[in-house]
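Engineer: Have a look at this one before I ask anything.
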Amino acid sequence: MNVETFKYDNRIVRAFAIATVVWGIVGMLVGLLAAVQLFFPDANLNLQFITFGRIRPLHTNAVIFAFVGNGMFMGIYYSLQRLCKARMFSDFISWFHFWGWQSIIVSAALTLPLGFTTSKEYAELEWPIKIAIAVVWVAFTVNLIGTILKRREKHMYVAIWFYLATALTVAVLHVTNSMTMPAGWFKSYSMYAGVQDALVQWWYGHNAVAFFLTTPYLGLMYYFLPKAANRPVFSYRLSIIHFWGLIFLYIWAGPHHLLYTALPDWAQSLGMVFSLMLIAPSWGGMLNGLLTLRGVWDKVRQDPVLKFMVVAVTAYGMATLEGPVMAIKTVNSLSHYTDWTIAHAHSGALGWNGFLTFSMLYFLYPRLYKTQLWSTKLANYHFWIGLLGIMFYIIPIYVAGITEGLMWKQFNKDGFLQYPNFLETIVQIVPMLRLRAIGGTLYLVGVFMMAYNLYRTAKAGEFEPDTEVQAAPLEKTVSSGAHGKLSWHRMLEGKPMIFTVLAVVAILIGGIVEIIPMYLVKENVPTIASVHPYTPLEVLGRDVYIREGCLGCHSQMIRPFRSETERYGEYSKAGEFVYDHPFLWGSERKGPDLAREGGRYPDAWHYNHMDDPRSTSPGSIMPRYPWLLTQKMEMDSLPWRLSALRRIGVPYPAGYENGPAQKDLQAQAEKIVANLKLGSVNAEPDKDIVALIAYLQRLGTDIKNAPVTTAAK
Amino acid sequence: MSNDPKEPLLLDHNYDGIQELDNNLPRWWVWLFYITIIYAAIYLVYFHVTRTGNLSAAEYDQEMKAGAVVKNAAMGKFESGLSTLTPSSDAMVLENGRQSYAKFCAPCHRADGGGLVGPNLTDDYWIHGSNYTDTVKVIWDGVPAKGMITWKTVLKPDEIQSVASYIYTLRGAKLATPGKLPENQTPVKTGPSQFE
Numbered sequence: 017m018n019v020e021t022f023k024y025d026n027r028i029v030r031a032f033a034i035a036t037v038v039w040g041i042v043g044m045l046v047g048l049l050a051a052v053q054l055f056f057p058d059a060n061l062n063l064q065f066i067t068f069g070r071i072r073p074l075h076t077n078a079v080i081f082a083f084v085g086n087g088m089f090m091g092i093y094y095s096l097q098r099l100c101k102a103r104m105f106s107d108f109i110s111w112f113h114f115w116g117w118q119s120i121i122v123s124a125a126l127t128l129p130l131g132f133t134t135s136k137e138y139a140e141l142e143w144p145i146k147i148a149i150a151v152v153w154v155a156f157t158v159n160l161i162g163t164i165l166k167r168r169e170k171h172m173y174v175a176i177w178f179y180l181a182t183a184l185t186v187a188v189l190h191v192t193n194s195m196t197m198p199a200g201w202f203k204s205y206s207m208y209a210g211v212q213d214a215l216v217q218w219w220y221g222h223n224a225v226a227f228f229l230t231t232p233y234l235g236l237m238y239y240f241l242p243k244a245a246n247r248p249v250f251s252y253r254l255s256i257i258h259f260w261g262l263i264f265l266y267i268w269a270g271p272h273h274l275l276y277t278a279l280p281d282w283a284q285s286l287g288m289v290f291s292l293m294l295i296a297p298s299w300g301g302m303l304n305g306l307l308t309l310r311g312v313w314d315k316v317r318q319d320p321v322l323k324f325m326v327v328a329v330t331a332y333g334m335a336t337l338e339g340p341v342m343a344i345k346t347v348n349s350l351s352h353y354t355d356w357t358i359a360h361a362h363s364g365a366l367g368w369n370g371f372l373t374f375s376m377l378y379f380l381y382p383r384l385y386k387t388q389l390w391s392t393k394l395a396n397y398h399f400w401i402g403l404l405g406i407m408f409y410i411i412p413i414y415v416a417g418i419t420e421g422l423m424w425k426q427f428n429k430d431g432f433l434q435y436p437n438f439l440e441t442i443v444q445i446v447p448m449l450r451l452r453a454i455g456g457t458l459y460l461v462g463v464f465m466m467a468y469n470l471y472r473t474a475k476a477g478e479f480e481p482d483t484e485v486q487a488a489p490l491e492k493t494v495s496s497g498a499h500g501k502l503s504w505h506r507m508l509e510g511k512p513m514i515f516t517v518l519a520v521v522a523i524l525i526g527g528i529v530e531i532i533p534m535y536l537v538k539e540n541v542p543t544i545a546s547v548h549p550y551t552p553l554e555v556l557g558r559d560v561y562i563r564e565g566c567l568g569c570h571s572q573m574i575r576p577f578r579s580e581t582e583r584y585g586e587y588s589k590a591g592e593f594v595y596d597h598p599f600l601w602g603s604e605r606k607g608p609d610l611a612r613e614g615g616r617y618p619d620a621w622h623y624n625h626m627d628d629p630r631s632t633s634p635g636s637i638m639p640r641y642p643w644l645l646t647q648k649m650e651m652d653s654l655p656w657r658l659s660a661l662r663r664i665g666v667p668y669p670a671g672y673e674n675g676p677a678q679k680d681l682q683a684q685a686e687k688i689v690a691n692l693k694l695g696s697v698n699a700e701p702d703k704d705i706v707a708l709i710a711y712l713q714r715l716g717t718d719i720k721n722a723p724v725t726t727a728a729k
Numbered sequence: 019m020s021n022d023p024k025e026p027l028l029l030d031h032n033y034d035g036i037q038e039l040d041n042n043l044p045r046w047w048v049w050l051f052y053i054t055i056i057y058a059a060i061y062l063v064y065f066h067v068t069r070t071g072n073l074s075a076a077e078y079d080q081e082m083k084a085g086a087v088v089k090n091a092a093m094g095k096f097e098s099g100l101s102t103l104t105p106s107s108d109a110m111v112l113e114n115g116r117q118s119y120a121k122f123c124a125p126c127h128r129a130d131g132g133g134l135v136g137p138n139l140t141d142d143y144w145i146h147g148s149n150y151t152d153t154v155k156v157i158w159d160g161v162p163a164k165g166m167i168t169w170k171t172v173l174k175p176d177e178i179q180s181v182a183s184y185i186y187t188l189r190g191a192k193l194a195t196p197g198k199l200p201e202n203q204t205p206v207k208t209g210p211s212q213f214e
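Heads up: the sequence lines are chains V and Y, in that order. Just remember that this note's numbering sits 16 ahead of the position in the first sequence, which is counted from 1. Just remember that this note's numbering sits 18 ahead of the position in the second sequence, which is counted from 1.
Structure below.
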């Protein structure tokens, strides 16, 4: 047999490892800053760039795409080469991927604080960066598939199935959800509007969790856990069923983020039942992880790598049971918009992704540097302080979430809301928000301990840039007759291209069935005759709302419950959002819903409230927005914005943006300035605040003029 | 362990040293999967094929109807006992009343009660009666003909009581700028309010 000699590339693994640690610390620090602002709003130092609404997306993007993203690439570049018995397809692409990804992260860290955002959660980056992401992701996919094609191992191990599904699905999700119309270099409007935009966004958002935070990490678990435990994987057939079940079912579950919203009922029901069907396939992954450890639990007690893995896999199991439970409509009616969602997300992020990443780092560093871990004791301390951090983070936030949910819905015996003032419900949970920040701090301290430990390990050892190995090349001819016993799936594992095509088909079905009818069937969005496009001033105001990240705390979606109608007004209808590019329904309420804010308060109230929320609402945790009072509105880009909106279907007349729009804008601004004067506020008509007030006063007022024309059943 | 000859389920391949067993799927896991699939089918049929179950809008209508019964009963009770009410002097109640006043009443009656579009609330000229219960009635029902809207859809009975109690304290207040002049009417003896 002729044997080839080749080298595994360790440099690229080390590069991604360092990036993982660095961005992990950055992302968590930003998260901590955001958490502190929730009980101490002045922690933004009155700087618009680090105010909650702008750094919340920075935190989520940094943790998901920078920390977990780099962690994923680190693990894949290490394991893929070894599972394929081949060096990566192209060193050039590897480094293009690395530096491309890091530049995207840096550009995110610069643009999000500046307020350049699309406002779509986990897809906030503006269009030039979106294009860069697509290019770099394609490079990664080429490198992945290229390596698989030149493999020296006949069959693809289960880890590789998950890597393939990840690469392809993320590409599909990213491209579909990024369809936007540019209106300047760092401004764009989603091509989709209202209900459709919401559906596409949460199909994306949910599956970003599925295919960025889950499937790649399951793949990594399948490599690193049996390696670290030196045990065979529990069940090959379980791998097969849970892999295909997971990728097929996951895609359908997106609408569970939109239960009891204006999304049509049939889509909500699909989201709910597919979430429930996901329990078993998700738990298949957990079982295969935990049962692999049968017989080596004594080892778990000693080895920090395994310890982190056990907690990670357990957290995965808990989060994937909790997710479907929260997708049950009855539960969701209580949990949605509360901190429960935040607790759920963090049990997944801190437990599953965080701890699995730490275990991989502790596994890899000694191997890359051909030495022992500098201090097992310190790693054990990291484990315990990290676990404590998770507990202190999620338990108070669960309590807070359930408290909020119950208080929002509580009626007194006379049929009136028990807590009609939203602020009462916030004041109640502030102590929990403080405890949460302590939990986050503990977790972060653990990460610093790890960084030091890894640094000392690297110093003590000697880095091996390439690992030289030998293996026989793959035989070209498939001896089909000799392997008569091969199952069909075993055959498939030897045919990466067919495997890939089948996986793509599996992940496309759910999206197609849910998204296409939302466009073609008119009854899904019953029209309302009195709903009109936003005026030019309101468009600029809406863009201020987007820029400041108001939807981080304020929803614009009154759900069909009596408690919400009593508090906010008539529940939101699909037809109200047909000109909303993008939709701004939000996913969390740290302030009241704003869907019917128009006309609720005088203009002057909004002015004073933005200047200092505590002057009008004592005890409020909203940050101050003094810069809105002094910054000029973006008049110059108005023509770009209006014509971009027209191109995606908002019926502004031709030529409106060159003259008439400006005139209308001035007239409306003067009116608001006159109103402000009545409230003894002197403002100039060209400031951001005037535009924002115009937008807020418009919210939800269209429907007051005419009833809904419901489509025939 | 992995080379233990007693592992009959060990498959004959290995990937970078990783081997796989071929254990059967745990029975309870398989049943869990089946049950969720069956539940999903039943759920979809129940709500979307036979349309037996109530969807959000129908559920909402029922909830609103049931709520209206409770609420209307409470409001009816308040209305029938309205003539026996007396103003509160509790500091908490008055503070709540002041806040509601600033938010809802001040735009027409001026922040200090001196009157703007609506009449002066600090003088001796009361168009619709000077008793405390008259004030409550006016807030509750409104005087639509004169532009005073009904507040029973906005404020709860106890909120109306607190704002009326607060207004009661405004009587005879010394205003920094003169209040709105009385309309064509005779003075009504209000007497010193209990807070003077």
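Ideal Cβ placement from N, Cα and C applies to all residues, glycine included.
1. Considering only the alpha carbon of each residue, which of V:L553, V:S636 and V:D319 lies closest to V:L439?
2. In the DSSP assignment, find the beta strand (DSSP E) that holds Y:H31 and state where it starts and stops.
3. Write down every uninterrupted run of the beta strand (DSSP E) in the segment 302–331 of chain V whose length is 3 residues or greater and which is fully enclosed by it, in chain order.
4. Taking Y:P105 and Y:A182 to be in contact with their CB atoms under 8 Å, please state how far apart those CB atoms are, rounded to whole angstroms.
5. To the nearest angstrom, report how far apart V:R247 and V:M448 are at their CA atoms.
6. Which of the three DSSP states, helix, strand or coil, is assigned to V:T717?
7. Could you tell me the distance, in whole angstroms, from the CA atom of V:G477 to the CA atom of V:F379?
8. Quick check: the Cα distance between Y:E132 and Y:Y143, rounded to an integer number of angstroms?
9. Is there a Cβ of chain Y sitting closer than 8 Å to that of V:D482, yes or no?
10. Taking Cβ positions only, does Y:T140 come closer than 8 Å to chain V?
11. For the segment 299–313 of chain V, list every residue whose C-beta sits within 9 Å of some C-beta in chain Y, in sequence order.
12. Closer than 7 Å by beta-carbon distance: list the chain V residues that pair up with Y:K174, in chain order.
13. Report the CB separation of V:L160 from V:A183 in whole angstroms; it is logged as a contact under 8 Å.
14. How big is the Cα-Cα spacing for Y:V154 and Y:L100?
15. Anyone know if the C-beta pair for V:I344 and V:M293 falls short of 8 Å?
16. Using C-beta distances below 8 Å, list every residue in its chain close to V:A244, excluding the 5 sequence neighbours before and after it, in chain order.
17. For V:M513, report the span of its alpha helix (DSSP H) as first-last.
18. Would DSSP call V:A545 helix, strand or coil?
19. Name, please, each residue of chain V whose Cβ falls closer than 7 Å to the Cβ of Y:D34.
20. Let me make sure I understand the geometry here. Which of V:K386, V:F432, V:L49 and V:V42 has the alpha-carbon closest to that of V:E580?
21. DSSP puts V:K703 in a beta bridge; with which residues?
22. Using a Cβ-Cβ cut-off of 8 Å, state whether V:G497 counts as contacting chain Y.
23. Suppose only complete runs of 4+ residues qualify. What are the alpha helix (DSSP H) ranges in the segment 54–105 of chain V, listed by chain order?
24. Does the segment 206–213 of chain V come into contact with the segment 585–600 of chain V, if we say contact requires no fewer than three beta-carbon pairs (one atom in each stretch) closer than 8 Å?
25. Judging by CA-CA distance, which residue of V:G339, V:G607 and V:L128 is the nearest neighbour of V:E420?
26. Candidates V:G614, V:P552 and V:I532: which alpha carbon is nearest V:V666's?
27. Any chance you could list the alpha helix (DSSP H) runs of at least 4 consecutive residues sitting entirely within the segment 638–685 of chain V, in chain order?
28. Quick one: residues in its chain with C-beta nearer than 6 Å to the C-beta of V:F290, no 5 flanking neighbours on either side, listed in chain order?
29. Per DSSP, V:T196 is paired with what?
30. For the alpha helix (DSSP H) that contains V:T127, what are its first and last residues?
31. When we look at the beta-carbon of Y:S98 and count the other beta-carbons within 10 Å, is it buried (16 or more) or exposed?
32. Using the C-alpha atoms, what's the distance from Y:V63 back to V:W282?
33. Quick one: what's got a C-beta closer than 8 Å to Y:T70's C-beta in the same chain, skipping five residues either side?
34. Suppose contacts are defined by Cβ-Cβ distances below 8 Å. Is V:A331 in contact with V:T277 by that definition?
35. State yes or no: is the C-beta of V:I6 within less than 8 Å of the C-beta of V:L229?
36. Are there 16 or more other CB atoms within 10 angstroms of the CB of V:M513, so buried, or fewer, so exposed?
Structural biologist: On the basis of the data shown:
1. V:S636
2. L28 to Y33
3. none
4. 7 Å
5. 42 Å
6. coil
7. 14 Å
8. The amino acid occupying residue 132 of chain Y in the given sequence is Gly; Glu does not appear at that position. Y:G132 and Y:Y143: Cα-Cα distance of roughly 12 Å.
9. no
10. no
11. W299, G300, L303, L307, T308, G311 and V312
12. F432
13. 5 Å
14. 8 Å
15. no
16. D319, V321, L322, M325, S375 and F379
17. P512 to L536
18. coil
19. R98 and L99
20. V:F432
21. V:K648
22. Since pLDDT at V:G497 reaches only 46, below the 50 mark, its modelled position is unreliable, and no value is offered.
23. 68–77 and 85–100
24. yes
25. V:G607
26. V:P552
27. 643–646 and 654–663
28. L265, W268 and A269
29. V:S206
30. D107 to L130
31. exposed
32. 11 Å
33. Y64
34. no
35. For residue 6 of chain V there is no data in the structure shown, the boundaries of chain V being 17 and 729.
36. exposed
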